[in-house]
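In our numbering, the protein residues as written are 903 to 1251.
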Ligand code: AMP
Ligand code: MG
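This is how it looks when you write it as structure tokens:
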């Protein structure tokens, strides 16, 4: 398949390009596009064949449901069964933005889009290109992250091209993703709202609107017998090719531990990478050193991590060590993704 690649001004998308992209989606085709979280791979959410194409293009298991993106609050009603009062409060506070809500689905949403579930995940993104594309596409765009399944989510147009050139009809290349991690997912179908996936909208922010909201128990990696409720969370996601370990503890002992392990790995002929706070980068001996931002700045770390993981692959790194970060706020989302990238391999130094 020939993929049209269009550069686009994120703040002022060319209406002719958006119209062409919308026509592709209305015709059952696929368009990758920027959002404030990560780049998405969009198809018509109400067209089962378009959803099947998304799974095929990504190589994604078809029981892993897609998020339906809207660009107008009045489009929520037709695709959902009941919308609890709390949804309106959350939407008023966080939409448009990086929050996905799960509702009972109406018959208009095909099971192919929801991975066979009778619930539907809905997000109203704030990125102007995403909004323009959704409106040009008829109002409902199903879009998972625009990476090949198992690769880190793309936060730059060039990574979308790397993964999907030749597999989709069009790629819209705009700015780098402002947030860099996928949306927070909150399930509103059980008695009390539950966070199925942590993200930029944190537990603390959600509690200001719904004091009873809690994190899904399956997210706590300390209890592997409890399965996460969001189907996608069970897959090994966001994985670099290299063998990755997270090292937690006090700064100096973490540095000493990592340098010792790197010396061992290098003497076995392996290429080693480190992901660490900018302030400590110089204290490491490694083939590739990537600064995650100022120590403790989880928002900056979130913005950078997926590009860094991809760079580790591009540089042929075999063994990766990453410093851990404190939980809480955006740190929870950052550590959630880092833990998955490392296949849950965490040590204390
Ligand atoms: P992605 O768009 O690649 O970030 O993946 C979307 C993720 O949202 C899926 O992997 C699921 O974990 C979650 N999700 C989507 N729809 C539902 C749903 N109806 N119920 C629970 N989780 C969902
Ligand atoms: Mg994804």
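The beta carbon of each residue, even a glycine, is placed where N, CA and C say it ideally should be.
Quantities reported herein were computed from a predicted structural model and do not represent experimental measurements.
Rounded to the nearest angstrom, what separates residue i and residue j at their Cα positions?
i	j	result
residue 1223	residue 969	32 angstroms
residue 1155	residue 1206	24 angstroms
residue 1214	residue 1178	13 angstroms
residue 1232	residue 1201	6 angstroms
residue 1140	residue 1195	20 angstroms
residue 999	residue 910	20 angstroms
residue 1181	residue 1197	7 angstroms
residue 1126	residue 1119	Any answer about residue 1126 is weak, because its pLDDT of 49 lies below 50 and its placement is not dependable; what the coordinates show is given next. Near 10 angstroms, if we compare the C-alpha coordinates of residue 1119 and residue 1126.
residue 971	residue 1040	11 angstroms
residue 1085	residue 1004	12 angstroms
residue 856	residue 940	As displayed, the chain neither begins before 903 nor continues past 1251, which places residue 856 out of reach and without an answer.
residue 1221	residue 1167	8 angstroms
residue 982	residue 1228	37 angstroms
residue 1190	residue 990	47 angstroms
residue 1199	residue 1230	12 angstroms
residue 1144	residue 1245	11 angstroms
residue 1073	residue 1162	43 angstroms
residue 996	residue 1158	42 angstroms
residue 1010	residue 1033	21 angstroms
residue 1247	residue 937	30 angstroms
residue 1096	residue 1089	5 angstroms
residue 1028	residue 942	13 angstroms
residue 926	residue 1115	39 angstroms
residue 907	residue 1076	11 angstroms
residue 1058	residue 1051	17 angstroms
residue 994	residue 973	14 angstroms
residue 1014	residue 1103	28 angstroms
residue 963	residue 914	35 angstroms
residue 1165	residue 917	55 angstroms
residue 1183	residue 1203	14 angstroms
residue 928	residue 1083	28 angstroms
residue 905	residue 1070	6 angstroms
residue 952	residue 1219	36 angstroms
residue 1053	residue 957	14 angstroms
residue 1217	residue 924	37 angstroms
residue 975	residue 935	21 angstroms
residue 954	residue 984	26 angstroms
residue 1100	residue 1193	23 angstroms
residue 947	residue 1006	15 angstroms
residue 1065	residue 961	11 angstroms
residue 1240	residue 1081	15 angstroms
residue 1169	residue 1234	35 angstroms
Would you kindly report the start and end of the unbroken beta strand (DSSP E) that includes residue i?
i	result
residue 1225	1221-1225
residue 1094	Where residue 1094 is concerned, there is no enclosing beta strand (DSSP E), given that its DSSP letter is neither H nor E.
residue 1001	1001-1006
residue 907	906-909
residue 1190	1190-1193
Going by DSSP, which residues form a beta bridge with residue i?
i	result
residue 1240	None; residue 1240 has no bridge partner.
residue 1082	DSSP, once it has assigned bridges, lists no residue as partnering residue 1082.
residue 1145	1221
residue 970	1024, 1044
residue 914	According to DSSP, which records beta bridges pairwise, residue 914 is partnered with nothing at all.
residue 1117	1097
residue 1230	DSSP, once it has assigned bridges, lists no residue as partnering residue 1230.
residue 1250	1150
residue 1104	Bridge partners of residue 1104: none, in fact.
residue 982	1007
residue 1087	1002, 1099
What first and last residue would you give for the alpha helix (DSSP H) that runs through residue i?
i	result
residue 1200	1200-1216
residue 988	987-996
residue 1033	1030-1038
At a Cβ threshold of 8 angstroms, is residue i touching chain D?
i	result
residue 1093	Among the chains of the structure shown, chain D does not appear; only one protein chain is present.
Legend entry - alpha helix (DSSP H) runs wholly inside the region 917-967, at least 4 long, in chain order: List check, alpha helix (DSSP H) in window: 917-928, 950-960.
**Report entry** Completely contained alpha helix (DSSP H) runs for the region 1148-1187, where each covers 4 or more residues
**Finding:** If only complete runs of 4 or more residues are kept, the region 1148-1187 shows the alpha helix (DSSP H) at 1153-1169, in order along the chain.
Pick out the complete alpha helix (DSSP H) segments inside the region 1052-1076, 4 residues or longer, and give them in chain order.
For the region 1052-1076, whole alpha helix (DSSP H) runs of length 4 or above, ordered along the chain, are 1059-1066.
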